[in-house]
Amino acid sequence: MSTYLSTIQQITYATIQSIKIVWNIRSIWKLGWYYARGTLSKKLPIFFASHECDQILDVFQKNGPFFIKLGQWISQRPDLFPPYVIKRLAQLRDSAPKHPEDYTQMLLAKYNLPYRCRIPIASGSIAQIYKEYCPKTKKILIIKIPHPNLERILNQNSLVCKFFIEVLKRIGCNFLSVLNISELLKDFLVQINMEQEARNILSIRNGLRDLEMVHCPEVIFVRKDILVETFLEGTTYEELVKTLTFEETKSLKKYTFALLMVMVYRNKLFHSDCHSGNILYTHTPSARFP
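Quick note: the sequence shown uses the working numbering, first residue 4, plus one each step.
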């Protein structure tokens, strides 16, 4: 009986959430109307400069990690989406909804950690990030704390996505059927475990230790729900390319591509969240790579 009730609750939740999302992004239907009338190219810049685009951003922000990650992916694809879309959704990379300070302070007290962690410097789909100075080690540290109740929210997100895909299939739209939501959920559940992230950092540090120009953070403290690591100063790809010449930008791309190939083919390591916020540069790299 309890299993039956649980199934009914899940179906009800997925239905309600799906209706909410469809209603909240009702302004997207305007894009279909513009397309049908052949005025999409003229109306699109106006649309994304309006408050209606904020509604779409709000939907991504408020509906959990699945949707935030989707918005982050869109914001990293200038080859597929126009600049005004990229600019709007770029906020999702480090300005996702923050969890309460009380939750952070509870975790710090739980592990008897001497950090203040009052104001986060960033908040992503999975975790909130704090920057602290440690007088004892004289190092600047990064404290990464996953948002609360992530496992439950992720399971709910996957339910909503499956519901959406099934509804679209029923009306003949099969373009999302290639998505394996169950596998995606497994990947997310691995990401929220900070102990697994610490193991990944160690693997990359060991795998690339012979490359003097590559630096990885050092893990100071880790539990499943908190990670403390050293802070590495650097500039994101987006900010760096604004200051480079065409030739320097080519050099930067060659260097980054070569590094990724070394990770994948020599060390059997794959960076699954390789966006511009996760790779920082301390200077303009040379195109030559050992």
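Beta carbons: idealized from backbone N, C-alpha and C, even for Gly.
Contact check between the stretch 189 to 197 and the stretch 224 to 236: three or more CB pairs, one atom from each, fall below 8 Å, which counts as touching. In the three-state scheme derived from DSSP, where H, G and I count as helix and E and B as strand, S128 is classed as coil. Across the structure, S98 and I129 are spaced so that their CA atoms are roughly 12 Å apart. Between the stretch 123 to 143 and the stretch 230 to 249 there are three or more inter-stretch CB-CB distances shorter than 8 Å, so the stretches are counted as touching. It is roughly 16 Å from the alpha-carbon of A112 to the alpha-carbon of P151. Within the same chain, F70, I71, L73, G74, L92, L95 come within 8 Å of F63 by CB-CB distance, once the 5 residues on both sides are set aside. Restricting attention to M266, F273, I146, E186, the CA atom closest to the CA of C164 is found in E186. Judged by DSSP in its simplified three-state form, R212 adopts coil rather than helix or strand. In the three-state DSSP reduction, I195 falls in the coil class, being neither helix nor strand.
Secondary structure note for E232: its beta strand (DSSP E) is the uninterrupted segment 229 to 233. Taking a 10 Å sphere around the C-beta of I59, we find 16 or more other C-beta atoms and assign the residue as buried.
For I148, the enclosing beta strand (DSSP E) has its first and last residue at 142 to 149. Within the model, the alpha-carbon separation for K139 versus L243 is close to 33 Å. Remark: C-beta atoms of H218 and L205 do not approach each other more closely than 7 Å.
CA-to-CA, the gap between H274 and P68 works out to about 18 Å.
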